[in-house]
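Student:
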Amino acid sequence: MERSGAVLLTLVCVWFSRTSGAEVERRVRPGNDVTLHCDCVVRQRSELAWFRNCSDGSHPPLLLTSSSESFPRYGFVRNSSSKSYDLFVKNVMEKDLGLYYCARREKDLHRNTTCYHYGNLTTRILLRDRNVNCLQAGGGDVCYAALDLPSRGQKPLKKKKKRRVESSEFSTYSEVKFNQV
C-alpha cells in the first residue's frame, strides 16, 4: 500500500508539473554544433535533466542528467542569466533529431519519490536542407532558397535533352516574417 501511494504521488507530480510552452525549431546542418536553452532554475538538492523524444520512434528516448552515464557529444553549459544549464550537442547527426526539453529533478528521500518540474520551453532539432541558406537577423534565422520557376510560355524540358539553358530573366521574392520566441 505504501509503495503504490509513492508511485501515485510521483505520477501526480510529473503530470501536474508539465506545462505546455513555446516550441522552438532549430534547423542545423549535419555535423554542426547546437546549444539548446533551458528555462528551469536549478535549486539546492536538485539536478537538471534533459529529455529527447523522437516522434517517429526511430530513435529511443534520451534522458541526460549530470549524474548519468557519459554521452561524449552532449554537454551541460552553465547559463548564469537563467540560473540553469543549457544543452550543447556536438556534431549533430540524424539520430539527434527530436523534441528536447528540460526539467528540474528533485528527490524526496522520505517518500522515496522523484518529482520533475518541467520548463516552458521545448526545442525541436531538425536537419537543414543543403540547398537552403540562412542568415542571422533580428535574433533569429532567416532562411532562403533559390527557386527555378519556368516563366509563362516556357515549355517544360523534355527528358531526352541533357543540355539546359539557365535563365536569369525571372526572379520571385517573397517577404519573410518571423516571430521571435
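When you line the sequence shown up against the working numbering, it's residues -8 to 172, in that order.
No residue lacks a Cβ here, since even glycine has one placed at the ideal position from N, Cα and C.
1) Using the rule of at least 16 other Cβ atoms within 10 Å of the residue's Cβ for burial, across every protein chain shown, is LEU100 buried or exposed?
2) Are THR105 and ARG95 touching if we call contact CB-CB under 9 Å?
3) Quick one: residues in its chain with C-beta nearer than 6 Å to the C-beta of SER(-5), no 5 flanking neighbours on either side, listed in chain order?
4) Thinking just about the alpha-carbon of each residue, which of SER75, PRO52, PRO21 and GLU38 is nearest to the one in HIS28?
5) Where does GLY48 land, buried or exposed, given buried means 16+ other C-beta within 10 angstroms?
6) Return the CA-CA distance between ARG17 and TYR91, expressed in angstroms with no decimal places.
7) Going straight from the alpha carbon of CYS31 to that of ASN111, what length do you get?
8) Buried or exposed: which applies to ARG43, given that a residue is buried once 16 or more other Cβ atoms fall within 10 Å of its Cβ?
9) What separation, rounded to the nearest whole angstrom, lies between the Cα atoms of ASP24 and GLY66?
10) Thinking C-beta only, is GLY89 closer than 9 Å to LEU50?
11) Please determine, among VAL19, ALA13 and ASN103, the residue with the shortest C-alpha to C-alpha distance to ASP120.
12) Helix, strand or coil for ASP120 per DSSP?
13) Whole angstroms is fine: what's the gap from GLU60's alpha carbon to ARG102's?
14) With 16 other CB atoms within 10 Å as the buried threshold, where does LEU55 fall?
15) Comparing C-alpha positions only, which one of ASP87, VAL80, ARG34 and GLU85 sits nearest to TYR107?
Tutor: The short version:
1) Translated into the one-based positions of the sequence shown, residue 100 becomes position 109. Exposed, because fewer than 16 other Cβ atoms sit within 10 Å of the Cβ of LEU100.
2) Sequence index remark: in the sequence shown, residue 105 carries index 114 (1-based). Sequence index remark: in the sequence shown, residue 95 carries index 104 (1-based). Contact: no.
3) Here residue -5 refers to the residue found at position 4 of the sequence shown. Any reading at SER(-5) must be qualified, since the residue scores a pLDDT of 49, below 50, and its modelled position is unreliable; no value is offered.
4) Stepping through the sequence shown from its first residue, residue 28 is reached at position 37. Checking every option, the nearest Cα to that of HIS28 belongs to SER75.
5) Start at 1 with the first residue of the sequence shown, and residue 48 comes out as number 57. Exposed, because fewer than 16 other Cβ atoms sit within 10 Å of the Cβ of GLY48.
6) As a working mapping, residue 17 is identified with position 26 in the sequence shown. As a working mapping, residue 91 is identified with position 100 in the sequence shown. Roughly 11 Å between the two C-alpha positions.
7) The residue given as residue 31 occupies position 40 in the sequence shown. The residue given as residue 111 occupies position 120 in the sequence shown. Distance between the alpha carbons of CYS31 and ASN111: 8 Å.
8) Against the sequence shown, residue 43 aligns to sequence position 52. The residue is buried, with at least 16 neighbouring Cβ atoms inside 10 Å.
9) As a position in the sequence shown, residue 24 is number 33, starting the count at 1. As a position in the sequence shown, residue 66 is number 75, starting the count at 1. Looking at the two C-alpha atoms, the distance is approximately 11 Å.
10) Looking up residue 50 in the sequence shown gives position 59. Looking up residue 89 in the sequence shown gives position 98. Checking the sequence, you will find His at residue 50 rather than Leu. Taking 9 Å as the Cβ cut-off, HIS50 and GLY89 qualify as a contacting pair.
11) As a working note, residue 120 is residue 129 in the sequence shown. Nearest option by C-alpha distance: VAL19.
12) Within the sequence shown, numbered from 1, the residue matching residue 120 stands at position 129. It is coil, neither helix nor strand.
13) On the sequence shown, position 69 is the one that residue 60 refers to. On the sequence shown, position 111 is the one that residue 102 refers to. The alpha-carbon atoms of GLU60 and ARG102 are separated by roughly 26 Å.
14) On the sequence shown, position 64 is the one that residue 55 refers to. The residue is buried, with at least 16 neighbouring Cβ atoms inside 10 Å.
15) Stepping through the sequence shown from its first residue, residue 107 is reached at position 116. Ranking ASP87, VAL80, ARG34 and GLU85 by Cα distance to TYR107 puts ARG34 first.
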